[in-house]
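Counting along the sequence shown from 1, when you hit position 17 you're at 21 in the working numbering, and nothing is skipped either side.
Inspection log for the structure reproduced underneath, given as structure tokens.
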Amino acid sequence: SFLEHLDQEMQVKKISGEHCKKSVKQDLKKVVKTLQEQNVFEKQLTGGKMFAFPDCPRDYLQLLDTKGLFLWINEHKKNVKLGKRPR
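This is the structure in structure tokens:
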């Protein structure tokens, strides 16, 4: 699973039979260090794709089907006016 893989990557040791208070401080430090090395916190100066996330569009609204959204909103308004409950 994802969490087991993450534990392996972060070298989290499993201690069986002992009850101890977990601290994620070191894990968070490793994650932040990795993110800093990948420059994900750097301001993007270009208008193109983000270098840390090349497969993600700069503006997710460009993917929005506005015609479909407005049709849905208007249909929903009609149903509200008629007293129909959303399903």
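Yeah, the Cβ is synthetic: ideal placement off N, Cα and C, and Gly gets one too.
As the structure is a prediction and not an experimental result, all values here were calculated from the model.
Check	Outcome
Backbone CA spacing between residue 37 and residue 10 [nearest angstrom]	15 Å
Between the CA atoms of residue 8 and residue 26 - distance to the nearest angstrom	16 Å
Pair within 8 Å by beta-carbon distance, residue 14 and residue 34	yes
Beta-carbon gap between residue 44 and residue 31 smaller than 8 Å	no
Host alpha helix (DSSP H) of residue 77 (start-end)	70-85
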